[in-house]
Amino acid sequence: MFESELLTQGFSTLLNNPQALLFATFGVMLGIVIGALPGLTATMGVAILLPFTYGMEPVSGLLMICGVFFGGVYGGSITAILLKIPGTPAAAATAIDGYELTKQGKAGLALSAATFSSFSGGTISI
1 MFESELLTQG FSTLLNNPQA LLFATFGVML GIVIGALPGL TATMGVAILL PFTYGMEPVS
61 GLLMICGVFF GGVYGGSITA ILLKIPGTPA AAATAIDGYE LTKQGKAGLA LSAATFSSFS
121 GGTISI
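full-length UniProt numbering puts the first residue of the sequence shown at 1, with every later residue one more than the last.
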C-alpha cells in the first residue's frame, strides 16, 4: 500500500533541513569513489562510515549512510564499464556487456544507461 503522506513528510523533512541534504550529497560522492575502487564494496563503505555518523543528527547520519550505499552500488559500474573490473560484486554482469560497448566506442551510452538504471531503481526502491 502506497502512503503519499509519508512520502510528502519525508521530502519536507529533507527540504527543511539543508544540512541533511548536504550530508546525503557528500555520502553519494564518497560512495561513488568507494564503489569505483575494486575490493571496496558498498557495504564495506557503510561499515567504514558508521563510526563517523555517531556524532551526527539521526536524519543526517542515516541519509549519509544511504547515500554511501547507493553511490557505492553505482560507482562499481563505472570501473566495470570502462576497465572490465567490477568495483562491486553487483557490477559483475555490467562488466560483460558494458565493456563490449566501451570497445565499440559507446562508453558514454553504457555509463548513461548505468546512471539512469541506478537512479530509477534507487528511487523506486525507496
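C-beta atoms are modelled at their ideal positions from N, C-alpha and C, and glycine is treated no differently. A quick note: this is a predicted structure, and the numbers were derived from the prediction, not measured.
What residue does the alpha helix (DSSP H) around residue i start on, and which one ends it?
i, result
"L111", "107-125"
"M56", "Per DSSP, M56 belongs to no alpha helix (DSSP H) and is neither H nor E."
"K103", "92-103"
"P86", "Where P86 is concerned, there is no enclosing alpha helix (DSSP H), given that its DSSP letter is neither H nor E."
"T8", "4-16"
"G39", "No alpha helix (DSSP H) contains G39, which DSSP labels as neither H nor E."
Leaving out the 5 sequence neighbours to the left and right, which residues in its chain are closer than 7 Å to residue i when beta-carbon positions are compared?
i, result
"A90", "V73, G76"
"V59", "T13, N17, A20"
"T88", "G35, T41, A42, G72, V73, G76"
"T102", "I81, L82, A110"
"G31", "A42, G45, G67, V68, F69, F70, G71, G72, G75"
"A107", "I81, L82, L101"
"M29", "G71"
Among residues of its own chain, excluding the 5 on either side of residue i, which ones have a beta-carbon nearer than 8 Å to its beta-carbon?
i, result
"I65", "G27, V46, L49, L50, T53"
"S118", "F70, V73, Y74, S77"
"M56", "F23, M64"
So, for residue i: in the same chain, excluding its five sequence neighbours on each side, which residues have a beta-carbon less than 6 Å away from its beta-carbon?
i, result
"A80", "P86, A91, T94, A95, G98"
"G10", "none"
"G61", "T53"
"A122", "Strictly speaking, residue 122 in this sequence is Gly, with Ala absent from that position. Counting only Cβ-Cβ distances below 6 Å, and skipping sequence neighbours, we find F70."
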